[in-house]
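Report on the structure given below.
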Amino acid sequence: MSIWLLKTEPAECGIEDIRNAEGGVMRWDGIRNFQARNMLRDRVAVGDLCLIYHSGVREPAIVGSADVVRAAYADPAQFDPASEYYDERSRPEDPRWFCVDIRFRERFPHPLPLAEIKRTAALAAMVLLRQGRLSVQPVSEAEWRSIRGLCGVRRG
DNA sequence: GCCAACGTTGGC
DNA sequence: GCCAACGTTGGC
14 MSIWLLKTEP
24 AECGIEDIRN
34 AEGGVMRWDG
44 IRNFQARNML
54 RDRVAVGDLC
64 LIYHSGVREP
74 AIVGSADVVR
84 AAYADPAQFD
94 PASEYYDERS
104 RPEDPRWFCV
114 DIRFRERFPH
124 PLPLAEIKRT
134 AALAAMVLLR
144 QGRLSVQPVS
154 EAEWRSIRGL
164 CGVRRG
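When you read off a place in the first sequence, starting at 1, and then add 13, the result is the number in our numbering.
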């Protein structure tokens, strides 16, 4: 079992959108970065845990978690000319981009702002602080535990 | 709105 | 294969 941090702009798809999706299940699509794509395609597995991070807002923060309920499959948006994620170079027999399905797990009692992550020693090694732009990134179990504690989660 | 970081593209 | 130009992300 692995743990991931998934970045999203809440104006487009926030933690509440995941919660409110049918069955709490949301397709995590639109990833158009090769490094993130490779992790989605090769590493993200059913049962993995995900931290949901809100970016592009006044106070960027980790706000909740989800789990992976379907492993990588071809992102349908790459074949849809009407989609902003359309990619004319993609072929159905050789897709360039992948997506996974995640399911809402919890919204944390309080968010963990980026500013607080930066001043937390236990989180100093987080990929988020070194590769700020990577939208799918690995999280260690120790980081997961620290983050949940800081977010006011009692146990688990 | 600015700008730094960094990924991608394309000329050579 | 290098690297400059360009585009995008995302914090501030």
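Even glycine gets a Cβ: it sits at the ideal position worked out from N, Cα and C.
- By the C-beta criterion, the segment 68–80 is judged to be in contact with the segment 121–129, since at least 3 inter-stretch pairs fall below 8 Å.
- Inter-residue distance for Asn51 and Ala85 is about 10 Å (C-alpha atoms, whole angstroms).
- Exposure of Arg71 is indicated by the presence of fewer than 16 other C-beta atoms within 10 angstroms of its C-beta.
- Counting only residues of its own chain and dropping the five nearest sequence neighbours on each side, Val59 has a CB closer than 8 Å to the CB of Val81, Val82, Arg83, Ala84.
- For the pair Val57 and Val113, the CB atoms are nearer than the 8 Å cut-off.
- In the structure shown, Val149 adopts extended strand secondary structure according to DSSP, grouped into three states.
- In chain order, Ala135 place their CB closer than 8 Å to the CB of Ala155, counting only its own chain and leaving out the 5 sequence neighbours on each side.
- Note on Gln150: 16 or more other CB atoms within 10 angstroms of its CB, so buried under the neighbour-count rule.
- Pro126: not part of any alpha helix (DSSP H); member of the beta strand (DSSP E) spanning 111–126, first to last residue.
- Listed in chain order, the non-local C-beta contacts of Lys131 below 6 Å within the same chain number zero, local neighbours out to five positions each way being set aside.
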